[in-house]
Each structure stands twice: as C-alpha cells, then as structure tokens.
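Asker: Below you will find the structure I want to go over with you.
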Amino acid sequence: MMTIDVDVAASTGNPGLRAEFGDRLPVVLLDGREHSYWEVDEHRLRADIARSTFGSPPDKRLP
C-alpha cells in the first residue's frame, strides 16, 4: 500500500495531484480507481482490498 502527501507532491513538481484531489482529501485509490474520499468506511475498504487485485500475482487475481 502506498500513501502520497498531496501538498508535498504538488510542491515538488506534481501540482496535478492537488488540482485533482485537493478538495476531497483524504482520497483512497484502489487498483488505480477512486474508492472513497472524505470519510473512509473501514469495513467496506477492508472487504474491497480483500477482493482487489492489489499485490496479487496475475494468475491469482479475481475476475
């Protein structure tokens, strides 16, 4: 799992992150897609992580 400080990233050359996510922080991306923002439902996030392809070898990913 990876976290990014949007303000730090914006100040070091990636201002697009602030433009894209700045008004909805925190933002959770799962498998490259926006999963949730502002408030994170822990149970939903854990269930979705368990079903995600994040970190799985290609032959073990769920359809």
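Under the working numbering, residues -16 to 46 are what the sequence shown spells out, in order.
Even glycine gets a Cβ: it sits at the ideal position worked out from N, Cα and C.
How far does the beta strand (DSSP E) with serine 19 in it reach, from first residue to last?
Answerer: From DSSP, the beta strand (DSSP E) with serine 19 extends over 16 to 20.
Asker: Are the CB atoms of valine 11 and leucine 0 nearer to each other than 8 Å?
Answerer: In this structure, leucine 0 does not lie closer than 8 Å to valine 11 by Cβ.
Asker: Who are the near neighbours of tyrosine 20 in its chain, counting only those whose CB is closer than 6 Å to its CB and skipping five residues on each side?
Answerer: Contacts found: Arg7 and Val10.
Asker: Just curious, the beta strand (DSSP E) that valine 11 is in, first and last residue?
Answerer: That run of the beta strand (DSSP E) goes 10 to 13.
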